[in-house]
Amino acid sequence: MSRSNTWMLRITALTMVAVGVGCDGASDTYQRVPEHVDGIEELAQPLSVIASCPAATGCTFVTATGALTVSLVAADVAIISKHPVSGAILVNDVATPGATSTTVKTIAITAAGAVHTVIMDFANGTFAPGTATVPGITIDWGATAGINAFKVRGSSTAADTVTAGQNSSGAFAVSFNTDAYADIVFTNASKGTETYTFSLGGGNDIFGADAVSAVARFGASSTAMPATHAVTVYGGPGDDQFQGGLGADFFYGDAGNDTFKGGTAHVAGTKTFAGGADTDTADYSARPASVNLVLKADGSAFSGQGVAELNKINSDVEVLKGGAGNDTYTPDPAGLVGHAFYGGAGTDTADYSGVGAAVTVTMADKLSNDGVPTTQKDDIRDDVENLKCATGFACTVTGNTLDNTFTVPVGSTVAHSFSGGTGIDLVDFSALTAVAHATGLDVKMDFTASTTNGLLINTDVENIKCPTAAIACTVVGNAAANHIWGGGALDTISTGAGDDIIEGVGGAVDIIDCGDGSDILLVTSALTTPAVGCEL
């Protein structure tokens with residue numbers, strides 16, 4: 117079985133029988149029926165007896181103290197689990213005499229040599245509870261540098277809360293419940309290269325490797341910090357929640373409506389969010405700073421805050437949520453996958469400028485029909501203010517109740533159609549560098565198609581920005597209170613009955629007719645002819 121595809125594997129009826137020598141040297145046989153082996157391929161492979169366990173000093177249980185000790189030599193694989201019927205604590209499916217889920221209080225695992233794998237299998241329930249001052253399980257990787265692996269299988273159906281981080285002593289630790297102390301503590305965790313894998317199993321599970329989770333579980337101190345080691349987490353069936361630490365973490369949601377939390381601030385380490393089946397969410401709603409949510413069908417794009425945060429959101433994460441900043445959603449450039457984008461607070465933008473096809477977006481209907489028709493099926497929600505059209509392709513946009521800005525990107529304009537909605541809306545042509553007709557850009561704000569450009573701009577769009585390049589711009593306003601910005605060439609601007617503002621820029625020579633209403637003219641250069649109808 118290849119490691120690359122084990123995360124997709126589901127074993128629903130696998131019975132494994134292992135015969136080995138127990139810690140007392142006696143042969144025992146137990147059956148294990150794992151439901152999920154995500155990321156833990158050892159659970160589907162034949163087990164071997166730990167070489168040191170037959171020795172009295174290698175694998176011991178002290179009844180008086182409830183302490184189980186397991187000693188590993190180089191290349192050992194230790195799977196520690198609970199028998200589903202008797203409650204016996206098993207080491208590689210072999211019972212330890214006297215050790216049960218009720219008698220075992222602590223488990224100490226020590227490793228000599230290098231390259232060890234320790235698997236805690238809690239599918240049949242947890243064990244080794246420890247106390248508030250003594251962790252239930254301690255793992256000492258030893259002084260020899262090597263590649264060690266720690267893996268956990270969670271409960272089959274219960275809702276697990278799993279936290280990984282640094283405890284109040286600065287040691288790497290793991291908690292499996294909501295109390296305020298660690299259940300597993302590691303020593304010598306930085307001698308080699310360790311990997312940490314968690315398969316949460318069924319139930320609505322919560323996994324956190326962040327600072328808030330670490331403080332809640334391990335105590336508020338200067339040393340209780342997020343996990344610095346990378347973690348790999350498989351959610352399993354259920355509506356799971358994930359939040360990463362400081363490592364290059366990988367999260368796979370699997371079946372259920374899973375949530376990948378971006379946290380309140382950027383932290384180090386590239387995180388990968390893979391949703392799996394059902395409707396999954398990348399949630400940055402707690403982030404006060406602006407984030408860029410960039411999606412590609414192959415999951416290769418980076419998302420996050422600025423250029424430093426490099427998280428990967430796979431295409432099977434269907435919902436994206438921004439926070440209080442000015443967030444941007446950049447969809448798949450091929451228009452092959454769709455997402456619902458919630459902007460949150462701030463001024464947010466859906467940026468289709470890199471999409472290589474015409475797009476249609478209705479920002480208020482709450483339907484998965486936005487983007488490239490028939491293939492993309494985005495849902496740009498009604499808390500998103502701005503939209504950038506595809507470069508060189510037609511853009512048909514209907515706004516919402518917010519103040520929308522629709523931007524026509526660099527290049528040549530085509531037959532766009534813009535309807536604003538009830539807010540104060542702007543169509544921004546300022547980035548245009550070319551138009552299809554020698555007469556320049558022709559804009560009519562009465563939903564009548566331009567004879568030269570084919571543009572349609574509805575009467576519920578109030579404001580226009582002309583190109584800053586040397587492109588002639590002709591604008592005919594409407595009855596609303598228009599705000600028109602002239603551009604870098606000869607502009608001919610006329611407005612209607614509203615109280616309008618007309619601004620000239622760049623030393624252009626303009627022809628202005630302010631129309632009715634109380635209008636304001638702000639120009640920095642001489643006009644070809646005197647302005648008409650401008651009160652100020």
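FYI, the numbering for the sequence shown is 117 to 652, going by my numbering.
Note that the Cβ used here is the ideal one computed from N, Cα and C, for glycine as well.
For residue i versus residue j, is the C-beta spacing smaller than 9 Å?
i: N373; j: D399; result: no
i: T555; j: A586; result: no
i: S469; j: N442; result: no
i: T512; j: V477; result: yes
i: A325; j: Q359; result: yes
i: F656; j: N293; result: The structure shown does not extend to residue 656, since the chain is modelled only from 117 through 652, so no value can be given for it.
i: Y458; j: R497; result: yes
i: G487; j: N516; result: no
i: D321; j: D299; result: no
i: A265; j: T233; result: yes
i: A413; j: K428; result: no
i: A510; j: V530; result: yes
Kindly indicate the opening and closing residues of the beta strand (DSSP E) around residue i.
i: V328; result: Element bounds for V328: not the beta strand (DSSP E) but the alpha helix (DSSP H), A327 to F334.
i: T226; result: T222 to A227
i: R497; result: Note, R497: premise wrong, no beta strand (DSSP E); not H, not E.
i: V250; result: Looking at the DSSP string, V250 is not in any beta strand (DSSP E), and its letter there is neither H nor E.
i: C511; result: C511 to T514
i: C175; result: C175 to V178
i: L637; result: I636 to L638
i: H455; result: H455 -> no beta strand (DSSP E), and no H or E assigned at all.
i: W601; result: H599 to W601
i: D629; result: D626 to D629
i: K198; result: V193 to K198
i: P213; result: V210 to T216
i: K387; result: Looking at the DSSP string, K387 is not in any beta strand (DSSP E), and its letter there is neither H nor E.
i: D237; result: T233 to D237
i: F314; result: T309 to S315
i: E578; result: Run containing E578: none; DSSP gives neither H nor E here.
i: D607; result: D607 to S610
i: I166; result: Counting along the chain, I166 falls outside any beta strand (DSSP E), and DSSP gives it neither H nor E.
i: V207; result: A204 to V207
By how many angstroms is the C-alpha of residue j removed from the C-alpha of residue i?
i: G508; j: E157; result: 50 Å
i: T242; j: G415; result: 36 Å
i: D383; j: E425; result: The question names Asp, but residue 383 is Val in the sequence shown. One C-alpha to the other measures close to 7 Å.
i: G539; j: L316; result: 46 Å
i: L557; j: V592; result: 11 Å
i: A194; j: E434; result: 38 Å
i: G604; j: F545; result: 12 Å
i: A480; j: A371; result: 29 Å
i: F323; j: A440; result: 24 Å
i: A565; j: H532; result: 10 Å
i: V639; j: T611; result: 16 Å
i: T344; j: F288; result: 8 Å
i: P150; j: G270; result: Confidence in P150 is poor, its pLDDT being 48 and thus under 50, which makes the residue's placement unreliable; the coordinate value appears in the next sentence. Answer to the nearest angstrom: the Cα atoms are 11 Å apart.
i: V524; j: L548; result: 7 Å
i: T375; j: G155; result: 20 Å
i: I580; j: D394; result: 42 Å
i: T521; j: T465; result: 9 Å
i: D467; j: T277; result: 37 Å
i: G361; j: S202; result: 38 Å
i: K377; j: D499; result: 20 Å
i: F534; j: S329; result: 46 Å
i: G229; j: D494; result: 53 Å
i: D626; j: G620; result: 8 Å
Helix, strand or coil, according to DSSP, for residue i in the structure here?
i: L436; result: strand
i: A413; result: coil
i: L483; result: coil
i: L572; result: strand
i: E158; result: helix
i: P353; result: coil
i: D464; result: coil
i: D544; result: strand
i: F292; result: coil
i: R269; result: strand
i: L643; result: coil
i: V648; result: strand
i: Q421; result: coil
i: L184; result: strand
i: C589; result: strand
i: L426; result: coil
i: D558; result: strand
i: T375; result: strand
i: Y297; result: coil
Using a Cβ distance threshold of 8 Å, determine whether the stretch 184-191 contacts the stretch 211-227, with at least three qualifying pairs required. Contact holds: three or more Cβ-Cβ distances are below 8 Å.
For the structure I just gave you, are there three or more beta carbon pairs, one from the stretch 252-265 and one from the stretch 200-213, closer than 8 Å? Of all C-beta pairs linking the stretch 252-265 to the stretch 200-213, fewer than three are shorter than 8 Å, placing the two stretches out of contact.
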